[in-house]
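Visitor: Just dropping this structure here.
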Amino acid sequence: NAGVMQNPRHLVRRRGQEARLRCSPMKGHSHVYWYRQLPEEGLKFMVYLQKENIIDESGMPKERFSAEFPKEGPSILRIQQVVRGDSAAYFCASSPPGGERYSNEQFFGPGTRLTVL
Amino acid sequence: AQKVTQAQTEISVVEKEDVTLDCVYETRDTTYYLFWYKQPPSGELVFLIRRNSFDEQNEISGRYSWNFQKSTSSFNFTITASQVVDSAVYFCALKTGANNLFFGTGTRLTVIP
Chain C
3 NAGVMQNPRH LVRRRGQEAR LRCSPMKGHS HVYWYRQLPE EGLKFMVYLQ
53 KENIIDESGM PKERFSAEFP KEGPSILRIQ QVVRGDSAAY FCASSPPGGE
103 RYSNEQFFGP GTRLTVL
Chain Y
1276 AQKVTQAQTE ISVVEKEDVT LDCVYETRDT TYYLFWYKQP PSGELVFLIR
1326 RNSFDEQNEI SGRYSWNFQK STSSFNFTIT ASQVVDSAVY FCALKTGANN
1376 LFFGTGTRLT VIP
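Residue numbers (my numbering), protein chains in the order written: chain C, 3 to 119; chain Y, 1276 to 1388.
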């Protein structure tokens, strides 16, 4: 049973380009979370999605960032017109549907390291 | 508001020493979960433990042990007889009624051979 998969593992972009980060949750998981880890910092929540719905985007920057989790295919975190400050590790986590509300463990992917030149 | 504080930014120990990583949390929720994750130099996040707010029993897993004290809102992590492979950044995290995890800023542990 494959874990959470993220690709690419490393992504280099020049300022002004677009970055697309992909996350395939664990099999059977319908909840996806995106976190950002700036250098030398802890992870910060960005967005929580279920299939075709954004449930909580309270951690997403208001501009240039968007996320989706379509009915088919991986979840995508999209950053438009990247700036140097977007350089970070972006982690995706997934959890299964249902279950005890507070206990759902989030299984993390290996992360995508974005470098903006 | 939720908050996790890991006051120790960096710790260095000599191999075979014991080391305790501190974690203090804040929440007004009565039901919550606490986690520890390890982030080795390769960068991935490795789940270590989950503890719910109703279970204050301490836990031991091999060389790892956790001390949960609700009275002081602390969830400390001890590594006994540390090894070089324990060198990593360790994150404490809190999950409440919100959907997401709140992470501390991490403690970088260096085990010197």
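Even glycine gets a Cβ: it sits at the ideal position worked out from N, Cα and C.
Since the model is a prediction, treat every value here as computed from it, not as a measurement.
Within the 8 Å Cβ cut-off, does Thr1305 of chain Y reach chain C?
Guide: Position 30 of the second sequence, counted from the first residue, corresponds to residue 1305 of chain Y. Answer no: the Cβ-Cβ gap between Thr1305 of chain Y and chain C never drops below 8 Å.
Visitor: Taking just the CA atoms, how far does Tyr1339 of chain Y sit from Val118 of chain C?
Guide: The sequence position of residue 118 of chain C within the first sequence is 116, counting from 1. The sequence position of residue 1339 of chain Y within the second sequence is 64, counting from 1. Roughly 38 Å between the two C-alpha positions.
Visitor: Check each candidate in C:Cys25, C:Tyr37 and C:Ile78 and name the one with the smallest Cα separation from Ser60 of chain C.
Guide: The residue given as residue 60 of chain C occupies position 58 in the first sequence. That would be C:Tyr37, whose Cα lies nearest to the Cα of Ser60 of chain C.
Visitor: Is any non-hydrogen atom of the ligand NAD found closer than 7 Å to the C-beta of Phe1343 of chain Y, if you look at the structure I gave you?
Guide: Only the bare structure without any ligand can be found here, which leaves the ligand NAD out of the picture.
Visitor: Contact between the stretch 1290-1297 of chain Y and the stretch 80-94 of chain C: three or more CB pairs below 8 Å?
Guide: Taking 8 Å as the limit for Cβ pairs, the verdict is that the stretch 80-94 of chain C does not touch the stretch 1290-1297 of chain Y.
Visitor: In three-state DSSP terms, what is Ser1287 of chain Y?
Guide: Along the second sequence, one-based indexing puts residue 1287 of chain Y at 12. In this structure, Ser1287 of chain Y counts as strand in the three-state DSSP scheme.
Visitor: What three-state label does DSSP hand Lys53 of chain C in the structure shown?
Guide: One-based indexing of the first sequence puts residue 53 of chain C at position 51. In the structure shown, Lys53 of chain C sits in coil (DSSP, three-state: anything other than H, G, I, E or B).
Visitor: Taking the alpha carbon of Ser68 of chain C as the point to measure from, which residue in C:Ala90, C:Ala95, C:Glu20 and C:Arg16 has its own alpha carbon closest?
Guide: Position 66 of the first sequence, counted from the start, is the residue given in the question as residue 68 of chain C. Per the Cα distances, C:Glu20.
Visitor: Which residues in the same chain have their Cβ closer than 6 Å to the Cβ of Asp58 of chain C, if we skip the five residues on either side of it in sequence?
Guide: For the purposes of this step, residue 58 of chain C is taken as the residue at position 56 of the first sequence. Here the set comprises Tyr50.
Visitor: Compare the beta carbon distance of Val1289 of chain Y and Ile1387 of chain Y with 8 Å and say whether it is the shorter of the two.
Guide: In the second sequence, residue 1289 of chain Y corresponds to position 14, counting from 1. In the second sequence, residue 1387 of chain Y corresponds to position 112, counting from 1. For Val1289 of chain Y and Ile1387 of chain Y, yes; Cβs fall inside 8 Å.
Visitor: Give me, in chain order, the residues of the same chain whose beta-carbon lies closer than 8 Å to that of Lys1345 of chain Y; leave out the 5 immediate sequence neighbours on both sides.
Guide: Residue numbering aside, residue 1345 of chain Y sits at position 70 when the second sequence is read from its first letter. Same-chain partners within the cutoff: Ser1328 and Glu1331.
Visitor: Are the beta-carbon atoms belonging to Gln8 of chain C and Arg24 of chain C less than 8 Å from one another?
Guide: The sequence position of residue 8 of chain C within the first sequence is 6, counting from 1. The sequence position of residue 24 of chain C within the first sequence is 22, counting from 1. Yes, the Cβ-Cβ distance between Gln8 of chain C and Arg24 of chain C is below 8 Å.
Visitor: Can you give me the C-alpha to C-alpha distance between Thr1280 of chain Y and Phe1322 of chain Y, rounded to a whole angstrom?
Guide: Working through the second sequence from its first residue, we reach residue 1280 of chain Y at position 5. Working through the second sequence from its first residue, we reach residue 1322 of chain Y at position 47. Going by the C-alpha atoms only, they are around 19 Å apart.
Visitor: How long is the line joining the alpha carbons of Gln39 of chain C and Thr114 of chain C, rounded to whole angstroms?
Guide: Position 37 of the first sequence holds residue 39 of chain C. Position 112 of the first sequence holds residue 114 of chain C. Going by the C-alpha atoms only, they are around 10 Å apart.
Visitor: Please decide whether Asp58 of chain C counts as near chain Y, where near means a Cβ-Cβ distance under 8 Å.
Guide: Working through the first sequence from its first residue, we reach residue 58 of chain C at position 56. Taking 8 Å as the CB threshold, Asp58 of chain C lines the interface with chain Y.
Visitor: Which residues of chain Y have a Cβ atom closer than 8 Å to the Cβ of Phe93 of chain C, listed in chain order?
Guide: For the purposes of this step, residue 93 of chain C is identified with residue 91 of the first sequence, where counting begins at 1. Going along chain Y in sequence order, the residues near Phe93 of chain C (Cβ under 8 Å) are Leu1320.
Visitor: List the residues of chain Y whose Cβ lies closer than 7 Å to the Cβ of Phe67 of chain C, in chain order.
Guide: To locate residue 67 of chain C, count along the first sequence from 1; it is residue 65. Within 7 Å Cβ-Cβ: nothing; Phe67 of chain C doesn't reach chain Y, min ~16 Å.
Visitor: For a cutoff of 8 Å on Cβ pairs, would you count Thr1260 of chain Y as touching chain C?
Guide: In this structure chain Y extends from 1276 to 1388, so residue 1260 of chain Y is not present and cannot be described.
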